[in-house]
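Numbering (this note's numbering), first residue to last: 13 to 591. Here the structure comes first, spelled out in structure tokens, and everything after it is commentary.
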Ligand code: PEP
Ligand code: MG
């Protein structure tokens, strides 16, 4: 038995036979062809490229949702196969050096992969995988070998791969895959995102699982703990069979809460919303009991592509989500690029402190046309449902007014073209910079709602880089300063009679639900899978007791003290819950 630890990418337990999906680049050796055979070699190469394109187009046709991430990535793969760097350089190497096609292509590929590898941004570095995946396909086609895909899987198996391509993951819906385990990947990799939205257990970033695995090994995948066990003992199988049963009971038990309102025992109702990154997450969010979308991170529309999304594309995507949620609100956040997220088609300067640099609303106030195209699309979508627009990273009233002035321009442009939009569409801001929390009362007079972004609020208030693992021990949602900033924001909102939501990760942590209730939040927006659990806790709580308890909490000096008192309280109140 071999126990391996990786990154827990999607919760759940699976036990079954492993299936190795080879995605390594087939090796090539330096070899040449006779001069008179050079053109034949070029033709063979171009045929393999065309065949690969046809295969990807075929897979793409099966993806109905054209705005989905899968569809877009498959389009990126097609674009890579059109790329002159890759194709023309290979043809040139074949012609000039009489290289055999696979050797020439491998050389060009390796050069490009090295460039990708050196890119510091994790998201873009991961796109090197896209290149590797199409490289694999072209080389297999060149060798006349079948490119095995998830679609060919007929039995319920656990897929073991170095990495899975979007072409593979697009097919998972139709195949009986039980779980995945991959060498590479992070929580933001496509495989992880897809596994979570499909509810398939997955562990990524195992580094050497493909080396350790030998068919037909039996495998256990524990996506909650990030553990993969190869060749488990009968005892381990018994233990995890129990765990699997316990997990599905937990989910089944929780799913009852999805349909119930989040109302406390003394009758206070909170609205629980979902955070989404892609339009196709809407159905799963509704199933989990989301009563709306509290944060739609639209920057994902900009990633993974070569051009900017058009106003029409923004509009069609937003309209689809809006229509799915019918009478529930959909909060569309305007572009939040920069910091740890940026798109290849927008040139952003290298900055010493990108988290504090030209990002989000600051970038939009500079690139007015990019911003206004998105704002017009959001306004247009507002005539199809309950849309709310939200600006990220507002630091004060001046910045807010500048953004609102551009919204007014966008409205005037639509009026001139006689295009419909909801004149009453609520406009709000994220409170995620401490200065905004400090002037919450002033900001509240000029907007329709607030949403507290604790991911950034904690980063800026405590001076802790949210992506730096060396200081992550200081990243404390229960720090008295954070609780006070949240309280101040809630008071600012309520004095001006506007609702206040929270959409940072803190909102979806069951441990904090009671505190957030006590702080007076009106809405909480979170990863859809957390909704039933948070609902269950709120339904067992008494709002006025939580309020009293939280006033006491705010008198303590450290996050540690507060954490201890909170855990003790929750254990007394809800002995059957695990925190
Ligand atoms: C936040 O900062 O809390 C937030 C929700 O936004 P993001 O994580 O996209 O920065
Ligand atoms: Mg943020």
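Built from N, CA and C at the ideal position, the CB exists for glycine as well.
Thinking residue i and residue j are a contact (beta carbons under 8 Å), I'd like their distance in whole angstroms, please.
{"i": "residue 193", "j": "residue 215", "result": "5 Å"}
{"i": "residue 326", "j": "residue 274", "result": "Residue 326 to residue 274, Cβ: 31 Å. No contact."}
{"i": "residue 110", "j": "residue 45", "result": "6 Å"}
{"i": "residue 540", "j": "residue 505", "result": "The pair is not a contact, with the Cβ atoms about 25 Å apart (cut-off 8 Å)."}
{"i": "residue 418", "j": "residue 383", "result": "6 Å"}
{"i": "residue 401", "j": "residue 439", "result": "5 Å"}
{"i": "residue 3", "j": "residue 349", "result": "The requested residue 3 is not part of the displayed model; the chain covers only 13 to 591."}
Tell me which residues share the same chain as residue i and place their Cβ nearer than 7 Å to its Cβ, disregarding the 5 neighbours each side in the sequence.
{"i": "residue 558", "result": "526, 529 and 530"}
{"i": "residue 570", "result": "none"}
{"i": "residue 43", "result": "112 and 115"}
{"i": "residue 125", "result": "140, 143 and 144"}
{"i": "residue 26", "result": "170, 190, 191, 213 and 233"}
{"i": "residue 489", "result": "466, 470, 518 and 524"}
{"i": "residue 454", "result": "409"}
{"i": "residue 397", "result": "334, 335, 337, 338 and 342"}
{"i": "residue 92", "result": "98, 142, 143 and 146"}
{"i": "residue 17", "result": "238 and 239"}
{"i": "residue 436", "result": "none"}
{"i": "residue 267", "result": "544"}
{"i": "residue 585", "result": "none"}
Once the 5 residues before and after residue i are set aside, which same chain residues still bring their CB inside 8 Å of it?
{"i": "residue 581", "result": "526 and 561"}
{"i": "residue 237", "result": "20"}
{"i": "residue 522", "result": "542, 545, 546, 549, 589 and 591"}
{"i": "residue 154", "result": "56, 57, 60, 113, 114 and 117"}
{"i": "residue 120", "result": "97, 98, 101, 102 and 105"}
{"i": "residue 28", "result": "168, 169, 170, 190, 191, 230 and 231"}
{"i": "residue 295", "result": "336"}
{"i": "residue 487", "result": "470, 471, 474, 476 and 478"}
{"i": "residue 11", "result": "This structure gives no information on residue 11, because the portion of the chain shown stretches from 13 to 591."}
{"i": "residue 47", "result": "110"}
{"i": "residue 387", "result": "346, 401, 418, 419 and 422"}
{"i": "residue 598", "result": "This structure gives no information on residue 598, because the portion of the chain shown stretches from 13 to 591."}
Could you spell out where the alpha helix (DSSP H) holding residue i opens and where it closes?
{"i": "residue 279", "result": "Neither: residue 279 is in no alpha helix (DSSP H) and is coded neither H nor E."}
{"i": "residue 253", "result": "246 to 270"}
{"i": "residue 148", "result": "140 to 154"}
{"i": "residue 370", "result": "Unbroken run through residue 370: none, as it is neither H nor E."}
{"i": "residue 560", "result": "555 to 565"}
{"i": "residue 549", "result": "543 to 551"}
{"i": "residue 447", "result": "446 to 450"}
{"i": "residue 331", "result": "323 to 337"}
{"i": "residue 310", "result": "Per DSSP, residue 310 belongs to no alpha helix (DSSP H) and is neither H nor E."}
{"i": "residue 117", "result": "113 to 130"}
{"i": "residue 598", "result": "This structure cannot speak to residue 598, because the chain is shown only from 13 to 591."}
{"i": "residue 536", "result": "Run containing residue 536: none in the alpha helix (DSSP H); it sits in the beta strand (DSSP E), 535 to 538."}
{"i": "residue 387", "result": "380 to 393"}
Between residue i and the rest of its own chain, which residues show a CB-CB distance below 6 Å, the 5 nearest in sequence each way excluded?
{"i": "residue 444", "result": "465, 468 and 469"}
{"i": "residue 447", "result": "407 and 408"}
{"i": "residue 403", "result": "346, 373, 415 and 441"}
{"i": "residue 269", "result": "544, 547 and 548"}
{"i": "residue 574", "result": "490, 565 and 568"}
{"i": "residue 534", "result": "511 and 512"}
Identify the continuous beta strand (DSSP E) that holds residue i and give its terminal residues.
{"i": "residue 21", "result": "19 to 22"}
{"i": "residue 343", "result": "341 to 345"}
{"i": "residue 234", "result": "230 to 234"}
{"i": "residue 61", "result": "It is not in any beta strand (DSSP E) - residue 61 instead sits in the alpha helix (DSSP H) that spans 50 to 73."}
{"i": "residue 237", "result": "Looking at the DSSP string, residue 237 is not in any beta strand (DSSP E), and its letter there is neither H nor E."}
{"i": "residue 437", "result": "Premise fails: residue 437 is in no beta strand (DSSP E) and is neither H nor E."}
{"i": "residue 104", "result": "Taken as a continuous stretch (DSSP letters only), residue 104 belongs to no beta strand (DSSP E), being part of the alpha helix (DSSP H) at 96 to 109."}
{"i": "residue 290", "result": "Residue 290 -> no beta strand (DSSP E), and no H or E assigned at all."}
{"i": "residue 26", "result": "25 to 33"}
{"i": "residue 595", "result": "This structure gives no information on residue 595, because the portion of the chain shown stretches from 13 to 591."}
{"i": "residue 171", "result": "170 to 173"}
{"i": "residue 483", "result": "Neither: residue 483 is in no beta strand (DSSP E) and is coded neither H nor E."}
{"i": "residue 215", "result": "214 to 216"}
{"i": "residue 462", "result": "461 to 464"}
Quick one: does the C-beta of residue i sit closer than 7 Å to a heavy atom of the ligand GTP?
{"i": "residue 348", "result": "Because the ligand GTP does not appear in the structure shown, any question about it cannot be addressed here, the ligands present being the ligand PEP and the ligand MG."}
(request) Pull every residue with its beta-carbon under 6 Å away from any heavy atom of the ligand MG, and keep them in chain order. (result) 404, 444, 465, 467 and 468
(message) With three or more C-beta pairs closer than 8 Å as the rule, is the region 426 to 434 touching the region 480 to 497?
(response) Result no; under three Cβ-Cβ pairs closer than 8 Å.
(request) Report yes or no: do the region 70 to 87 and the region 291 to 305 share at least 3 C-beta pairs separated by less than 8 Å? (result) Because the criterion of three Cβ pairs below 8 Å is met, the region 70 to 87 and the region 291 to 305 touch.
(message) Does the contact criterion of 3 or more C-beta pairs under 8 Å hold for the region 539 to 549 versus the region 486 to 494?
(response) no
(message) Using 8 Å as the cut-off, can you tell me whether the region 52 to 60 makes contact with the region 242 to 258, which would need three or more C-beta pairs spanning the two stretches below that distance?
(response) no
(message) Would the region 213 to 231 count as touching the region 58 to 70 if we require 3 or more Cβ pairs under 8 Å?
(response) no
(request) Pair every Cβ in the region 407 to 414 with every Cβ in the region 340 to 352, then say whether three or more of these pairs are closer than 8 Å. (result) By the Cβ test, the region 407 to 414 is not in contact with the region 340 to 352, since fewer than three Cβ pairs between them sit closer than 8 Å.
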